[in-house]
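Residue numbers (the UniProt record's numbering): 1 to 596.
A virtual CB, placed ideally from N, CA and C, is assigned to each residue, including glycine.
Here the structure is a predicted model, which is why all the values come from computation and not from measurement.
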RNA sequence: GGUCCUGUAGCUCAACUGGAUAGAGCAACUGCCUUCUAAGCAGUAGGUUAAAGGUUCGAGUCCUUUCAGGAUCACCA
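Put into structure tokens, the structure is as follows:
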């Protein structure tokens, strides 16, 4: 039983014995006592004044006294207005720490016997990844790690958008302007090469439009009649018909792109268990349209188009199949949802997709539920806000994007120059130094993108946004490296920091108590982050813990402490903080160094 | 126009889901390296939580209205 549970049980008892009022312990809550008051946990009395029929102060006195008399963990209390502040004795905190310290699999909650698929990344194969994708990938990866720590079996899935008109645009431009360029001959990563032709298409296309407009066409007509656009549409038809030359070009260019993506994913530290390709799935879902018609979930209009009527759910009518019998986006999403279930028998499915598709997923999920899918209640859209630049929104066609590869490299370079400036790499081999720069650069970037509540849009200023001080990844990494250094020294001079080493310790300092309380919250935070699908919960916790540790580090001596038990305890406490930091940062996909 | 999201210190974000005097970081200023890593620690300053009503013992949090920013409402993806 945890300390909180013990206190709550005793409070419940107090109500029974003192006020003859029955209230279940698990319906009561404690909150951490604010720093400016004495105590560890606070019980708010206001809701119970009707029961006690006393002033708040007197009610608090009664309950507080009962706790001191009957609850072994409570050492004292005070009442301020309607707040009962409860102090827990030091032995209890020590035993909490003993338990934590000896716990195996720290940060791994018991198996839930549930499978969840997390779909994220989902790139288009006509251009390289950019800053927005970084937020998506880091979020998806972190959420996967967090769910896994919560005891779910997690399948990380990447649904690659490898077909369609936008892919054909790159292909058409390549045919016109490519002159047989390859990634090798051009010295260009494959995804960047495809992106180059996508941009070239747009340029040439705009030029054609202008020419047509000068000849007197409306802009709308010009867009439809521009030869390049007609070519792209023709290429899409050929691709769908399986035209050999088209398919060969498509395969070639996509294989270049995948090589490029692989390199980017490797650098990001992101991986997938399952790839889906839209070229395989884009025809799925038509059978569901039939099924929906039979079940009366969909209806057919005069021109043959099929619709879902969601007006009763507060939404509009939604097209699910065109009049000519061809699919729309949501048709294939319905099919893919079924496919995922058939492949893995998943209980839950998380879609990490930007908030511009909120409505789409609202519709999709409502449809799947109306169709009675067994996984219907387990569908979640992890909707995240866009990343804006100081100059406004990113537009890939206009080249106003922050490229993912470039940005990661910049971060690593900055980390390198910063580290050298501080003179922190004495004794590092070149290899080790390089590894450290990557750790720090990517740690800073990942932490920056993950510490914010996912649903909020965020501003990214390339010059100013990434810091290495304060609430940042490197701050936490630094805290870990500091402790690693302490542990090295402890081993070297032979400090026994096993549980026996500080057994029977009689007193702990305030700062140490604060650390124990924080350490004890780790699994609660993991559970919360899992429920909310929010890595920012973990990020915030990591910062709080590192901050509190650094205070401890500055205030209390370790090796110059003369009492052997106290010294052992402080090393053990440090070791536990390091373990927790490492484990928590892993949930964010961030590595921590032993030295920096 | 309908629907949804967001609005907290100059900037970037918190606030344990309705609790005490709204907290951190950055930027500014002041201290602390002859003891375990100063990418650190301590402190000063910075707020009408966009605005106005309401609900109650209590509201940044819930409700209503207004304002501002964004997204979305295609036989596009």
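Just measuring C-alpha positions, the residue of 160, 41, 13 sitting nearest residue 3 is 41. If one requires a minimum length of 4 residues, the alpha helix (DSSP H) runs lying completely within the segment 103-150 are 131-149, in chain order.
Residue range 3-19 is occupied by the alpha helix (DSSP H) that includes residue 7, with no beta strand (DSSP E) assigned at that position. Annotation: residue 58 to residue 153 spans about 51 Å, alpha carbon to alpha carbon.
For residue 54, the three-state secondary structure derived from DSSP is coil.
Counting only residues of its own chain and dropping the five nearest sequence neighbours on each side, residue 389 has a CB closer than 7 Å to the CB of 402, 460. Sequence-distant Cβ neighbours of residue 591 in its own chain, meaning closer than 6 Å and more than five residues away, are 439. The straight-line gap separating the alpha-carbon atoms of residue 370 and residue 299 is approximately 13 Å.
In this structure residue 72 is exposed. Its beta-carbon is surrounded by fewer than 16 other beta-carbon atoms within 10 angstroms. Pairwise C-beta distances place the segment 131-149 out of contact with the segment 553-561, as fewer than three of them are shorter than 8 Å. In the DSSP secondary-structure assignment, residue 382 is bridged to 352. The beta-carbon separation of residue 107 and residue 149, rounded to 6 Å, stays under the 8 Å limit for a contact. Taking a cut-off of 8 Å on C-beta distances, the segment 255-262 does not touch the segment 322-331, as fewer than three cross pairs fall below it.
If you draw a straight line from the Cα of residue 160 to the Cα of residue 546, it comes to about 38 Å. 367 is the residue among 541, 367, 386, 526 whose C-alpha sits nearest the C-alpha of residue 288.
Taking a cut-off of 8 Å for Cβ pairs, the segment 155-171 and the segment 353-361 do not touch, as fewer than three such pairs fall below it. Going by DSSP, residue 76 is part of the beta strand (DSSP E) stretching over 74-80. With contacts defined by Cβ atoms closer than 8 Å, residue 433 and residue 472 do not form a contacting pair. Buried is the label assigned to residue 512, since at least 16 other Cβ atoms lie within 10 Å of its Cβ.
Your pair residue 311 and residue 320 does not check out as a contact, with CB atoms roughly 15 Å apart and the cut at 8 Å.
Only residues of its own chain outside the window of five on either side were considered, and among them 525, 528, 529 have a CB closer than 7 Å to the CB of residue 537, listed in chain order.
The C-alpha of residue 466 is placed about 7 Å away from the C-alpha of residue 448. Around residue 74, the same chain offers 7, 10, 67, 68, 86, 87, 88, 89 as residues with beta carbons nearer than 8 Å, after the five sequence neighbours per side are excluded. Cβ contact annotation for residue 412 (same chain, cutoff 6 Å, sequence separation greater than five): 437, 438, 441, in chain order. Between residue 190 and residue 182, the alpha-carbon positions lie close to 8 Å from each other.
Unbroken alpha helix (DSSP H) runs of no fewer than 4 residues, entirely contained in the segment 185-238, are found at 190-214, 219-225, following chain order. Annotation for residue 24: no beta strand (DSSP E) segment contains it, and DSSP assigns it neither H nor E.
DSSP, read as helix, strand or coil, puts residue 327 in strand. The segment 198-212 and the segment 165-176 touch, with no fewer than 3 CB-CB distances between them shorter than 8 Å. Rounded to whole angstroms, the separation of the alpha carbons of residue 5 and residue 30 is 9 Å. Taking the Cα positions, residue 582 is about 21 Å away from residue 425. Counting along the chain, residue 300 sits inside no alpha helix (DSSP H); it lies in the beta strand (DSSP E) bounded by residues 298-300. Counting only residues of its own chain and dropping the five nearest sequence neighbours on each side, residue 303 has a CB closer than 8 Å to the CB of 323.
Across the structure, residue 349 and residue 533 are spaced so that their CA atoms are roughly 12 Å apart. The beta carbon of residue 486 sits closer than 6 Å to the beta carbons of 574 from its chain, once the five residues preceding and following it are set aside; these are given in chain order. A distance below 7 Å between beta-carbons, with the five flanking residues on each side excluded, links residue 21 to the following residues of its chain, in chain order: 15, 51.
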